[in-house]
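Read the structure below first, then the notes.
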Amino acid sequence: MKWFGVLGLVALSECLVIIPLMKVKSIRENLREKDMLKDYLEKYPYRLTHELLYTQQDSGVTFEPMRNYLDLAYVGIISIGTPPQEFKVIFDTGSADMWVPSIYCTSQACAKHNTFNPLRSSTFVASGQPINLAYGTGKMSGFLGYDTVKIGSLVDVNQAFGLSLKEPGKFMEYTAFDGIVGLSYPTLSVKGAIPVFDNLWNQGLISENLFAFYLSSKGQEGSVVMFGGVDPSYYTGELRWVPVSKCTYWQISMDSISMNGKVVACHGGCQAIMDTGTSLLIGPHDAVLNIQRIIQARPSNTGEYTIDCDAVNTLPDVVFTINGVGYPVPASAYIQKGRLGTCFSSFDKGMDHLFTSEIWILGDVFLRLYFTIFDRANNRIGLAKAV
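Position one of the sequence shown corresponds to residue 112 (my numbering), numbered consecutively onward.
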């Protein structure tokens with residue numbers, strides 16, 4: 112598989128469309144960057160601690176800093192249990208469940224990450240309910256438990272989360288995160304498990320029923336997820352709202368995708384999912400191949416598409432038109448520079464046979480450019496140019 116994607120795991124409902132979700136980067140891409148990532152982590156050890164977590168008291172907004180790992184993933188810290196046990200997690204708008212590795216996990220991936228020990232927590236309650244999540248490059252299986260989860264100053268009691276017993280496959284060994292905190296709609300969660308954000312709201316811990324993301328570029332500091340409100344200093348210009356079209360993923364209707372005023376994909380409209388757990392721009396097979404052809408990207412023996420690095424100075428913006436507003440993504444954003452002077456296209460194709468219609472995944476390549484608000488109270492997404 113080329114991508115790391117959670118598949119739909121719950122029964123069909125009126126709101127549910129089962130499609131693949133692309134997570135972070137492919138195993139090939141991670142292995143390609145592996146040496147650089149190792150050197151980076153050794154030189155700059157992960158130092159996000161609870162000293163960096165704070166609440167802006169005046170606005171009622173709780174901030175959780177995130178570290179940008181080479182534009183591969185945005186990772187923050189949470190704690191679980193009493194006393195707290197810390198974990199690096201992705202705050203993922205493309206899934207609903209929370210899980211971390213456990214001390215009972217037998218996979219090599221767990222040996223390389225922090226693991227939760229329920230015996231050390233006085234507030235842990237085991238449910239015995241199994242949890243199985245299928246990914247494009249492996250699987251996570253384990254059991255459901257309940258405990259206190261702390262995100263910044265927010266203390267979420269009796270939170271359901273998965274404790275992994277197995278994380279097969281090589282991909283999970285090389286991730287910069289231990290687990291995932293899903294932030295999509297509860298219709299996607301494992302039966303009986305209320306997602307983290309819903310618990311924060313239900314327990315009266317946040318003043319507004321929304322959260323927002325600011326993602327930094329090129330490994331810089333400053334990335335943050337905000338719970339319960341928005342800090343307008345993170346964006347500039349007009350904030351525009353787009354209604355959610357499906358109450359499962361953070362899915363919206365998109366008008367078209369164009370270059371130089373000519374529509375190159377999403378002819379006549381399509382659907383798009385805003386997914387912080389995806390690093391690339393993912394679309395249907397034929398549409399993505401058409402864009403690769405236009406930008407003269409060439410398939411490599413790894414399955415990725417390489418492109419002339421100088422093309423960043425000549426290629427036009429790719430414009431995603433949403434609700435009548437164009438959101439340009441410049442070549443400097445959709446061309447990524449790898450090691451040894453090789454450049455790669457940030458477009459990738461999904462698995463067509465799992466798509467029920469033309470659906471695009473707008474991952475971090477898009478979200479780095481646009482500050483994004485996820486408004487559960489009004490089932491809408493806010494977009495504005497990030498500072």
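The beta-carbon is built from N, C-alpha and C at its ideal position, and this holds for glycine as well.
In this text the structure is predicted, and so the values were computed from the model without any measurement.
- DSSP places A376 outside any alpha helix (DSSP H); the residue lies instead in the beta strand (DSSP E), whose first and last residues are K373 to A376.
- A direct Cα-to-Cα measurement between S456 and Y416 gives close to 6 Å.
- Three or more beta-carbon pairs separated by less than 8 Å link the stretch 182-202 to the stretch 261-269, which places the two stretches in contact.
- Around the beta carbon of K199, 16 or more other beta carbons sit within 10 angstroms, so the residue counts as buried.
- Under the DSSP assignment, Y438 falls in the beta strand (DSSP E) whose first and last residues are V436 to V440.
- Scanning T453, G435 and I433 for the CA closest to the CA of T413 turns up T453.
- If you ignore the 5 residues before and after I405, its C-beta comes within less than 8 Å of the C-beta of M370 and V375, all in its own chain and listed in chain order.
- Look at F308 here: in three-state DSSP terms it is helix.
- Taking G380 as reference, the option from D342, I368, P212 and F485 with the minimal CA-CA separation is I368.
- When secondary structure is reduced to three states using DSSP, A408 falls in the coil class, being assigned neither helix nor strand.
- Collapsing the DSSP output to three states places P195 in coil.
- Put simply, the backbone Cα of F431 is about 12 Å away from that of I384.
- Around the C-beta of E349, fewer than 16 other C-beta atoms lie within 10 Å, and the residue is accordingly described as exposed.
- When rounded, the separation of the alpha-carbon atoms in E284 and A220 is 4 Å.
- In the structure shown, L255 falls within a strand segment according to DSSP collapsed to helix, strand and coil.
- Counting only residues of its own chain and dropping the five nearest sequence neighbours on each side, D309 has a CB closer than 7 Å to the CB of P297.
- Closest in alpha carbon position to G394, among E469, S334 and T347, is E469.
- DSSP places C216 outside both helix and strand once states are collapsed to three, so it counts as coil.
- Taken atom to atom, the span from the alpha-carbon of W471 to that of A207 is near 19 Å.
- As computed with DSSP, Y180 is found in a beta bridge with A184.
- Counting only residues of its own chain and dropping the five nearest sequence neighbours on each side, K250 has a CB closer than 8 Å to the CB of N243, L244, K277, E278, P279 and G280.
- Residue pairing by DSSP places S457 opposite no residue, since no beta bridge is assigned to it.
- For V341, there is no enclosing alpha helix (DSSP H), as DSSP gives it neither H nor E.
- Shown here, A222 sits in a helix according to DSSP, grouped into three states.
- CA-CA distance, F458 to L230, rounds to 45 Å.
- Note that the stretch 417-428 does not touch the stretch 487-496; fewer than 3 beta-carbon pairs, one per stretch, sit closer than 8 Å.
- Look at D475 here: in three-state DSSP terms it is helix.
- Taking C-beta separations shorter than 7 Å and ignoring five residues to either side along the sequence, the partners of V335 in its chain run F174, E175, P176, M177 and Y325, following chain order.
- Per the coordinates, the alpha-carbon of M365 lies some 14 Å from the alpha-carbon of R351.
- Take the alpha-carbon of G171 and the one of I446: they are about 38 Å apart.
- Counting only residues of its own chain and dropping the five nearest sequence neighbours on each side, R479 has a CB closer than 8 Å to the CB of D182, L326, S327, S328, A444 and A497.
- Scanning its chain for C-beta atoms nearer than 8 Å, with the 5 sequence neighbours on each side dropped, one finds around S213 the residues C221, T226, F227, N228, P229, G253, L274, S275 and L276, in chain order.
- In this model, S390 and Q314 are separated by some 32 Å (Cα to Cα).
- Beta-carbon to beta-carbon, L294 and A271 are separated by about 14 Å, too far to satisfy the 8 Å threshold.
- Excluding its 5 nearest sequence neighbours in each direction, V236 has C-beta neighbours in its own chain below 8 Å: G256, Y257, D258 and N269, listed in chain order.
- For S238, the number of other beta carbons within 10 angstroms of its own is below 16, and it is reported as exposed.
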